[in-house]
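Asker:
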Amino acid sequence: MAIGETNVPLTALPLKPKQPWMKLFFGDVFSSFLTILSILIVISLLPGLNWALFNATWPGGTPEACRDGGACWAFVGAKSRLILFGLYPPEHQWRATLVIVLIIAMVLASLSPRMWGNKLIMLWGAGIALMLILMGGGLLGLDTVPTSKWGGLPVVLMLAVLSLGMGFPIAVLLALGRRGSLPVARAVCTFIIELVRGLPLVGLLFVAAILLPLFLPPDWTIDKLGRTLAALTIFSSAYLAEVVRGGLQGLDKGQGEAAQALGIPYWKVIWHIILPQAIQNVIPPLTNTAIVMVKNTSLVLIVGIFDMLSAARSAATDPTWPAPSTEGYLFVALIYFAICVSISIYARHLENGVRARSHS
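Take the sequence shown: its letters are residues 2 to 361, numbered as in my numbering.
(1) Can you confirm whether the stretch 147–158 touches the stretch 205–221 when touching is taken to mean that 3 or more C-beta pairs between the two stretches lie within less than 8 Å?
(2) If I measure Cβ to Cβ from P286 and keep anything under 8 Å in the same chain, skipping five residues before and after, which residues do I get?
(3) What's the C-alpha gap between R349 and I336?
(4) Apart from the five residues just before and just after T321, which ones in its own chain have a Cβ nearer than 8 Å to its Cβ?
(5) Going by other Cβ atoms of all chains shown within 10 Å of its Cβ, with 16 needed for buried, is Y267 buried or exposed?
(6) With DSSP run on the structure shown, which of helix, strand or coil describes T58?
(7) Please state whether the Cβ-Cβ distance between P277 and C67 is less than 8 Å.
(8) Could you pull out every unbroken alpha helix (DSSP H) segment of at least 4 residues lying fully inside the stretch 276–319, listed in chain order?
(9) Between the stretch 221–236 and the stretch 160–170, do at least 3 Cβ pairs fall closer than 8 Å?
(10) Answer yes or no: do G152 and F216 have a C-beta to C-beta separation smaller than 8 Å?
(11) Could you round the C-beta distance between L83 and A312 to whole angstroms and report it? I think they count as a contact, below 8 Å.
(12) Using 8 Å for Cβ pairs, my map puts R180 next to I194. What's the rounded Cβ distance?
(13) Is the stretch 100–110 close to the stretch 122–139, with three or more CB pairs under 8 Å?
(14) Considering Cα atoms alone, identify which of I265, V293, M116, I134 is closest to I344.
(15) How many angstroms separate the CA atom of T229 from the CA atom of V197?
(16) Whose CA, out of V208, L241, A279, W74, lies closest to the CA of G257?
(17) Give the range of the alpha helix (DSSP H) segment to which A127 is assigned.
(18) Kindly indicate the opening and closing residues of the alpha helix (DSSP H) around T95.
(19) Let me check understanding here. Comparing Cα to Cα, which of E328, I42, S45 lies closest to A75?
(20) According to the neighbour-count rule (16 or more other Cβ atoms, all chains shown, within 10 Å of its Cβ), is A209 buried or exposed?
(21) With 16 as the cutoff for other CB atoms within 10 Å, does V1 come out buried or exposed?
(22) Under the rule that 16 or more other beta-carbon atoms within 10 Å means buried, what is K269, buried or exposed?
(23) Which residue marks the beginning of the alpha helix (DSSP H) containing I235, and which one marks its end?
(24) Excluding five sequence neighbours on each side, which residues of the same chain lie with their C-beta closer than 6 Å to the C-beta of G138?
(25) So L206 packs on V304, CB below 8 Å; how close in whole Å?
(26) Going residue by residue through the stretch 135–163, where are the continuous beta strand (DSSP E) segments of at least 3 residues, counting only ones entirely within it?
(27) What do you get for K80, buried or exposed, if any count of 16 or more other CB atoms within 10 angstroms of its CB means buried?
(28) Quick one: measure Cβ to Cβ for D308 and S315, integer angstroms, because I've assumed they're closer than 8 Å.
(29) In the DSSP assignment, the alpha helix (DSSP H) including V197 goes from what residue to what residue?
(30) Taking Cβ positions, are I271 and L177 nearer each other than 8 Å?
(31) In the DSSP assignment, the alpha helix (DSSP H) including E258 goes from what residue to what residue?
(32) Output the distance between the C-alpha atoms of S149 and Y89, rounded to the nearest integer angstrom.
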């Protein structure tokens with residue numbers, strides 16, 4: 002028998018005893034503090050649970066039943082069409098519903114990396130054209146609905162998707178220009194990025210919605226929704242540009258130099274070699290920017306766009322219901338929460354897939 006060996010079987014060795022539950026929750030001072038804090042938070046939420054669940058009036062109830070003190074979810078059921086579609090004509094709300102379904106379908110189709118490429122760009126181009134036709138009408142026998150009547154969830158989804166979709170190519174160009182060797186292009190791109198990032202989104206929305214028409218010729222008119230989309234696109238492109246620039250800085254310059262030494266054109270090097278790796282390295286901050294832009298769409302109510310928050314506030318002014326603004330805002334918050342959590346889950350799945358491929 003060699004030195005250090007033993008003839009005792011492994012099954013006979015004593016196992017490390019499991020920690021009891023009390024030791025897990027009160028093992029040290031910090032764990033005890035977190036446990037007590039969690040218990041106090043749960044206790045403080047109990048009255049809210051009674052209000053939201055046990056004493057609530059559910060959809061189908063009457064305004065009189067909502068005067069008992071519980072949550073009035075019946076108000077949300079009665080005003081859901083107004084909150085989801087805003088001022089869009091009720092007889093044409095099926096078109097807005099199709100737009101929501103179309104956006105969700107295109108987003109789901111974009112999740113698979115197999116779809117990435119020119120066919121996905123063509124799919125989104127056709128989908129955006131169809132969305133605008135459905136919402137605005139005037140073609141295919143559809144009645145015209147002005148953009149002043151657009152609102153609710155379709156506007157939120159369209160502003161978020163279009164601002165990110167149009168802002169990302171601009172962000173890539175700004176990031177490449179700031180990382181480039183041309184002094185003028187680098188200075189211009191740096192100035193644009195820092196200027197936009199130094200201004201609050203509310204200021205950009207006011208400039209686009211109120212001041213921009215004053216600087217345009219009298220014969221030029223841009224719809225308020227279009228001006229709002231332009232402000233959101235510029236804002237997202239500046240923040241995305243810094244995220245992309247961070248991914249570019251994390252790559253070894255030798256890859257690009259080797260590709261150019263082989264005679265590969267510069268733009269092919271960027272498109273096929275540099276950008277894919279840079280984007281993979283910055284999936285978490287890209288996800289954060291996408292979530293921030295989705296939430297930033299709620300600020301468009303400041304410039305008169307009738308989004309879900311505006312619709313919820315307008316619905317709460319109905320004197321028939323006993324001041325149910327809290328329930329309406331909670332309903333809107335739940336929709337935003339579902340969208341943002343879905344983005345986070347997909348980003349985590351994508352990041353895990355990239356990590357698995359890199360280790361294989």
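Built from N, CA and C at the ideal position, the CB exists for glycine as well.
The structure presented is a predicted model; accordingly, all values stated were derived computationally and were not measured.
Answerer: Reading it off the structure:
(1) no
(2) V244, G247
(3) 20 Å
(4) P64
(5) exposed
(6) strand
(7) no
(8) 276–282, 284–297, 309–316
(9) yes
(10) no
(11) 5 Å
(12) Actually they do not touch by this definition, with Cβ atoms about 11 Å apart.
(13) yes
(14) V293
(15) 15 Å
(16) A279
(17) 119–137
(18) Correcting the residue identity first, residue 95 is Trp in this sequence and not Thr. Here the alpha helix (DSSP H) through W95 covers 94–112.
(19) E328
(20) buried
(21) With the chain covering only 2 through 361, there is no way to say anything about residue 1.
(22) exposed
(23) 225–250
(24) D144, T145, V146
(25) 5 Å
(26) none
(27) buried
(28) Actually they are not in contact, since the Cβ atoms of D308 and S315 sit about 11 Å apart, beyond 8 Å.
(29) 184–198
(30) yes
(31) 254–262
(32) 9 Å
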